[in-house]
Amino acid sequence: MDIQKILTKLRITELNEMQQHAAEAILGSDGDVVLLSPTGTGKTLAYLLPLVQLIEANGQWSMVNGQWPSALVITPGRELALQSDNVLKSMGCGLRSMACYGGRPTMDEHRVLKEVRPHIIFGTPGRLNDHLDKENIQRYGIRWLVIDEFDKCLEMGFHAEMQKLIKSLPGLERRILLSATNAEQIPQFVNMAKKGTLIDFLPEEEQTSERVTLYEVRSPQKDKLETLKQLLLGFGDESSIVFLNYRNAVERVSDYLKEQGFTISCFHGGLDQRQREDQLYRFSNGSANILVATDLASRGLDIPDIQNIIHYHLPESEDGYIHRVGRTARWDASGRTFFILNSEESIPEFIIDHSPLNIEHYEPTQKMVNGQCSMVNGQCSMVNGQCSMVNVPAPKMSTLYIGKGKKDKISKGDIVGFLCKKGGLTSDEIGRIDVKDRYTYAAVKREKLQQVLHKTQGEKIKGVKTIVEPVK
């Protein structure tokens, strides 16, 4: 397997120090590995690169008597399972994979499992147990177990499911555990080997990257909605996540921001799977520049170039804070995090103690360009140097749903051709394209959305009529 070719495909020049240590530990021994490293440092690639090499080296054995998969990767949520599966597919290494999670019928997944015969399955504990109970997964060929975000997977609420799952894997030889925070202890039922290796890249004192600047924003009212609005107006079209602690609060803030003219994505555990995928995809491809979410979005989302993390509600724990802030300043980028505080609130000590930089005061203002309001059309009257008009920034892209996918023999190239020939677009007006089994998401320039919808109405792709509609 040509690792350099994979890195080139992923547009990565070289592995970072943590990834190099992980590869050496996983490939250079036959023991278990625990990898601790801050969010955004590339842990998914750190275990996948050596894992695919191990599976390839044992590939002939792994398919003896039709045994599959060779490895299970357990994740605490469906988003991380999907994301990790996408990383493996983007590597182009030739190994087959699949993500399994709740929110869709187990029977449908079973049909795909039999068809794909994956080398690696990424999944949540409950759904993997379901497949193992029904013998939809052949347990006897599984030699490698990866537990991603093990601090979350091994919490007390998951103990019964995790214990049952691990006991269901009689041929298990090695375990790889990963997290951005250290658990107090690893339960005995995980059966970690005594000769295991610990790779600890967590900072000794602070968990917040020095590339993240911290700000406090004072809200004159107990209700912070107006302060949030002013803060977001000052960010222009920058990408931001607004974190809240409750689903109903996410819905309330989302509704308010929509009424004010913002284009947002809303994300929490009460949405069904299709809604969650739609909302995340719109945010990740630039069709929405604001994600309003519970802490469900603090783990498992690898979306680059998120400039701002906003704590509308204060994080409830140190780990929660670390994972929230880890959504920005990924790899070598920089970022900002903002705490909106009313008169009754203050920043928790665990945040102050684990922040390498001072927390600065920030006063929200309308975004200014060369001393003038950044209005596209019209003029803006100024009051005490601030804009008195609302200028809600619009995202650069919009998302299309196209009702054909891989099962219809549709490729990314087919989608590009369809949008250019039938939709009247040029290639630079098309953004990210994700072809699913039965449908496709495609990002197009926002100002071209209505043109595409009009021109593609009733048109065919590869000789078959299809639905083309916006994802809202």
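Under our numbering, the first residue of the sequence shown is numbered 25, with each subsequent residue one higher. Just so it is clear, CB atoms sit at the ideal spot from N, CA and C, and this is done for glycine as well.
- Sixteen is the threshold: since fewer than 16 other Cβ atoms of the shown chains lie within 10 Å of the Cβ of ASP54, the residue is exposed.
- By the beta-carbon neighbour count (other beta carbons within 10 angstroms, threshold 16), GLY126 is exposed.
- At a Cβ-Cβ threshold of 7 Å, THR68 and VAL136 do not count as neighbours.
- Residue environment for PHE213: exposed (fewer than 16 other C-beta atoms within 10 angstroms of its C-beta).
- The C-alpha of ILE371 lies about 11 Å from the C-alpha of VAL241.
- The Cβ-Cβ distance between ILE98 and PRO142 does not fall below 7 Å.
- Around the beta carbon of LEU268, a 10 Å sphere encloses 16 or more other beta carbons of the protein chains shown; the residue is thus reported as buried.
- Within a 10 Å sphere around the beta-carbon of ALA184 sit fewer than 16 other beta-carbons, which makes this residue exposed.
- When beta bridges are read from the DSSP output, TRP168 appears opposite ALA95, ARG198.
- Cβ contact annotation for VAL440 (same chain, cutoff 8 Å, sequence separation greater than five): SER451, ILE454, ILE457, in chain order.
- Between THR480 and LYS446, the gap from beta carbon to beta carbon is short of 7 Å.
- When secondary structure is reduced to three states using DSSP, GLU384 falls in the strand class.
- About 7 Å separates the CB atoms of ILE145 and ILE161; that is less than 8 Å, so the two are in contact.
- Closest in C-alpha terms to GLU283, from the list LYS253, GLY258, LEU477, comes LYS253.
- Close CB contacts of LYS460 within its chain, under the 6 Å cut and outside five residues either way in sequence, are with GLY429 (chain order).
- ARG360 sits in a strand when the DSSP states are folded into three classes.
- The Cβ neighbour count for ARG102, taken over all protein chains shown within 10 Å, is at least 16; the residue is labelled buried.
- ASP343 and GLY258 have their C-alpha atoms spaced approximately 29 Å apart.
- Contact between the region 198-205 and the region 167-175 is established, with three or more Cβ pairs separated by less than 8 Å.
- Across the structure, GLY260 and VAL416 are spaced so that their CA atoms are roughly 8 Å apart.
- Boundaries cannot be given for GLY220, as no beta strand (DSSP E) includes it and DSSP labels it neither H nor E.
- Residue state for GLU250 is assigned as helix, using DSSP reduced to three classes.
- In this structure, DSSP gives HIS143 a state outside helix and strand, which the three-state scheme calls coil.
- Assignment of LEU51 by DSSP, reduced to helix, strand and coil, places it in the helix class.
- Following the DSSP letters along the chain, one finds PRO494 inside the beta strand (DSSP E) bounded by residues 492-494.
- Residue CYS124 holds the alpha-carbon nearest to the alpha-carbon of HIS155 among LEU169, CYS124, PHE182, TRP168.
- By the Cβ-count criterion, GLN107 is buried, with 16 or more other Cβ atoms from all chains shown falling within 10 Å of its own Cβ.
- Note on geometry: alpha-carbon atoms of PRO328 and HIS134 lie some 33 Å from one another.
- For the beta strand (DSSP E) assignment, the uninterrupted runs of no fewer than 3 residues enclosed by the region 111-139 are, from N- to C-terminal side, 121-124.
- When the five nearest sequence neighbours on each side are left out, the beta carbons in the same chain lying within less than 6 Å of the beta carbon of ASP109 are those of SER121, ALA123, PHE146, in order along the chain.
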